[in-house]
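Student: For the numbering used here, count along the sequence shown from 1 and bump the result up by 40. C-beta atoms are modelled at their ideal positions from N, C-alpha and C, and glycine is treated no differently.
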Amino acid sequence: MNFSKIKAFLILLFLTAQTLPSIAAVLNAETIQGVEVEIRRPDNGTYPLIIFSHGMGACPTDYSGIQNRLTSAGFIVVSPKHADCISGSTKPDLPWREAERWTKQTNSNRKDDIHKVLDALPSSNYAKYIKTFKQVGCAGHSMGGYTCMGLAGAWDTWKRNEIIAIALLSPWNKPYAVQKQILNMSNVNTLYQGGSKDRPISTELIETGGAFDQTLPSKYLQIFKRARHSSWTDGVLAKRFHEQMSYYIVSFFNLSLKGSPKENLEVKKSQVKELQFKH
41 MNFSKIKAFL ILLFLTAQTL PSIAAVLNAE TIQGVEVEIR RPDNGTYPLI
91 IFSHGMGACP TDYSGIQNRL TSAGFIVVSP KHADCISGST KPDLPWREAE
141 RWTKQTNSNR KDDIHKVLDA LPSSNYAKYI KTFKQVGCAG HSMGGYTCMG
191 LAGAWDTWKR NEIIAIALLS PWNKPYAVQK QILNMSNVNT LYQGGSKDRP
241 ISTELIETGG AFDQTLPSKY LQIFKRARHS SWTDGVLAKR FHEQMSYYIV
291 SFFNLSLKGS PKENLEVKKS QVKELQFKH
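Set out below in structure tokens:
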């Protein structure tokens, strides 16, 4: 064995790796119609648009891992900073335990943020990077999931017709489920994700007559083994789930916004405890 040749090859391989261009999200912070946003895009091409809504008291940067995976897969992701990001408040307008009292007015500032951004983007400097404004995705974690469901029509005054696909990551869905509003999400594809350690939200998602049962097709659901409510954030213990979570999120938006095969969402990955779908 010629060790000198092997050594030379390894050195060449290392140096080549150092000179290869890295593919990373282009991240910009902007203010659009008075709303602070983070905008992630792959490069100077044109891509489908996804709005990302963060959880209550969190911020867009807390979800950089999943958003960057979406960007790397060929999507432009626009993430508003809702008021609770700026204040750090984790208290909604009405108590969590009183879901039956929630109305279209509850935390409607989140709806206002996204309406302003969607209205302004077509005339912004970012319009040239967005493939179409007629077919838009929405992804949201926790209270962000509540926001996306409202935009999909669960609250009639929130609805945006361009929102045709929603990815709901451990979504706060109980106000819609107990008030039977989920059937109003009639023009969207829906992805739910939950965790086996995410109680009570994920257990309520999959119970008989719960949110998944009430949702019209096409609909998809994955429950991840040992995932908790914070597992979609960039916490140290959360990142181990992100590769497989992102596989389904990307596959879902590829299907909904790019027309890719639905069979990718029928694959049961190793971290998935429960997989459901109805095309």
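Go ahead and pull the three-state DSSP assignment for alanine 160.
Tutor: Alanine 160 falls in the helix class under three-state DSSP.
Student: Please report the residue range of the alpha helix (DSSP H) in which lysine 214 lies.
Tutor: Lysine 214 -> alpha helix (DSSP H) spans 214-218.
Student: Under 8 Å by Cβ, that's how I've got alanine 251 and leucine 209 pegged, so tell me the actual separation to the nearest angstrom.
Tutor: Rounded, the Cβ-Cβ distance is 13 Å, inconsistent with contact.
Student: I need the DSSP call for tryptophan 272, collapsed to helix, strand or coil.
Tutor: Tryptophan 272 falls in the coil class under three-state DSSP.
Student: Among Gly74, Gln219, Leu315, Ala194, which residue has its Cα nearest to the Cα of methionine 225?
Tutor: Ranking Gly74, Gln219, Leu315, Ala194 by Cα distance to methionine 225 puts Ala194 first.
Student: Rounded to the nearest angstrom, how far is the Cβ of tyrosine 166 from that of isoleucine 79, given a contact under 8 Å?
Tutor: At roughly 6 Å, the Cβ-Cβ gap stays under 8 Å, so tyrosine 166 and isoleucine 79 are in contact.
Student: Could you say if the stretch 155-175 and the stretch 129-145 meet the contact criterion of at least three C-beta pairs nearer than 8 Å?
Tutor: Flag = no, the stretch 155-175 and the stretch 129-145 do not touch.
Student: Whole angstroms is fine: what's the gap from isoleucine 106's alpha carbon to valine 75's?
Tutor: Isoleucine 106 and valine 75: Cα-Cα distance of roughly 22 Å.
Student: Considering only residues of the same chain and omitting the five flanking positions on each side of isoleucine 116, which have a CB-CB separation below 8 Å?
Tutor: Closer than 8 Å at the Cβ level, and outside the excluded window around isoleucine 116, lie Ile79, Arg80, Arg81, Pro82, Tyr87, Pro88, Leu89, Ile90, Tyr166, Tyr169, Ile170.
Student: Determine the closest residue to methionine 285 out of Pro215, Gly235, Thr101, with distance taken between C-alpha atoms.
Tutor: Here the closest residue by C-alpha is Gly235.
Student: Apart from the five residues on each side of it in sequence, which residues of its chain come closer than 7 Å, Cβ to Cβ, to threonine 111?
Tutor: So the qualifying residues of the chain are Ala65, Arg80, Arg81, Pro82, Val117.
Student: Take cysteine 99 as the anchor and find which of Glu314, Thr130, Phe293 has the nearest alpha-carbon.
Tutor: Looking at the Cα atoms, Thr130 is the closest of the given residues.
Student: Could you tell me the distance, in whole angstroms, from the CA atom of serine 291 to the CA atom of threonine 230?
Tutor: If you take the alpha carbons of serine 291 and threonine 230, they lie about 12 Å apart.
Student: Could you check where the beta strand (DSSP E) with leucine 209 kicks off and where it finishes?
Tutor: Segment 203-209, the beta strand (DSSP E) holding leucine 209.
Student: Using only CA atoms, which one of Leu297, Gly299, His319 lies nearest to glutamate 306?
Tutor: That would be His319, whose Cα lies nearest to the Cα of glutamate 306.
Student: Within the same chain, show all residues whose beta-carbon is closer than 6 Å to that of tryptophan 142, passing over the 5 residues directly before and after it, in chain order.
Tutor: Leu134, Pro215.
Student: For my contact list, glutamate 314 and isoleucine 241 are in at a C-beta cut-off of 8 Å; report their separation, rounded to the angstrom.
Tutor: Not a contact, Cβ separation roughly 14 Å.
Student: What residue range is occupied by the uninterrupted beta strand (DSSP E) comprising cysteine 178?
Tutor: Cysteine 178 -> beta strand (DSSP E) spans 176-181.
Student: From Asn84, Tyr186, Asp196, pick the residue whose C-alpha is nearest to that of alanine 207; which is it?
Tutor: Residue Tyr186 is the option with its Cα nearest to alanine 207.
Student: Would you tell me roughly how many angstroms separate the C-alpha atoms of leucine 256 and lysine 308, rounded to the nearest one?
Tutor: Roughly 22 Å separates the two Cα atoms.
Student: Using DSSP with H/G/I as helix, E/B as strand and the rest coil, what is arginine 137?
Tutor: Arginine 137: coil per DSSP, three-state reduction.
Student: Can you check whether the CB of lysine 237 is closer than 8 Å to the CB of arginine 266?
Tutor: In this structure, lysine 237 lies closer than 8 Å to arginine 266 by Cβ.
Student: Taking the beta carbon of isoleucine 154 as the centre, do at least 16 other beta carbons fall within 10 Å, making it buried, or is it exposed?
Tutor: It is buried - the Cβ of isoleucine 154 has at least 16 other Cβ atoms within 10 Å.
Student: List the DSSP bridge partners of glutamine 284.
Tutor: Glutamine 284 pairs with nothing; no bridge assigned.
Student: If I'm right that serine 127 touches valine 77 with Cβ under 8 Å, what's the distance once you round it to whole angstroms?
Tutor: Contact doesn't hold; Cβ gap of about 17 Å is too wide.
Student: What does the alpha-carbon distance come out to for the pair glutamine 311 and histidine 181?
Tutor: Cα to Cα, glutamine 311 sits roughly 19 Å from histidine 181.
Student: Please go through the same chain and pick out, in chain order, the residues whose beta-carbon is closer than 6 Å to the beta-carbon of serine 271, but skip the five residues on each side of it.
Tutor: Cβ neighbours of serine 271 beyond the five flanking positions: Gly235, Ala278, Phe281.
Student: Do glycine 190 and glycine 95 have their CB atoms nearer than 8 Å?
Tutor: Their beta carbons are not under 8 Å apart, which means glycine 190 does not touch glycine 95 by this criterion.
Student: Between the Cα of alanine 205 and the Cα atoms of Asn227, Asn213, Thr197, Gln219, which residue gives the shortest distance?
Tutor: Considering only alpha carbons, the answer is Asn227.
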